Every structure is written in C-alpha cells, then in structure tokens.
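First comes the structure, then the notes that go with it.
In the working numbering, the protein residues as written are 115 to 185.
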C-alpha cells in the first residue's frame, strides 16, 4: 500500500511540471491530502515560484497601466 501511495505521489509531482493548468491544480489539491515530505518540499518550491511570478506580473501590469494611462 505504501508503494501505491508513493507511486501516486510521484505521478502527482510530475503533474506539477505539466503544461495543463487544470491538471496542476488537481495535483496540488490531491498532494495536500495524500502527500509526503517530498510533496511538501515540491509544493513549497512551487509556491515560491508562483509568488515570484505573481510579483513580476503585478509589477508589469502596474508599469503598463501607468504607461498607457489606464486605471
């Protein structure tokens, strides 16, 4: 049974790197339920990347709004 869970976690961790946003979201949700320490590390790394992307997006939108005169 532990092997089955480990295999499930491995598949879900692979899904975190995929192109399909819906699959990534589902993998994140499931990893939150059944994940192990490796899943926790991977989710923390993903969270750090998402936070960096969000910061860059907010800055870019702010610059564009200012340059274009949009509120």
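For every residue, glycine included, the Cβ atom is placed at its ideal position computed from N, Cα and C. Here the structure is a predicted model, which means the values were calculated and not measured.
A Cβ-Cβ contact shorter than 8 Å links residue 160 with residue 130. By the C-beta criterion, the stretch 116-127 is judged to be in contact with the stretch 147-161, since at least 3 inter-stretch pairs fall below 8 Å. Non-local beta-carbon contacts of residue 153 in its own chain, meaning distances under 8 Å to residues more than five positions away in sequence, involve 123, 126, 127 and 145 in chain order. For residue 168 and residue 117, the gap between their C-alpha atoms comes out near 36 Å.
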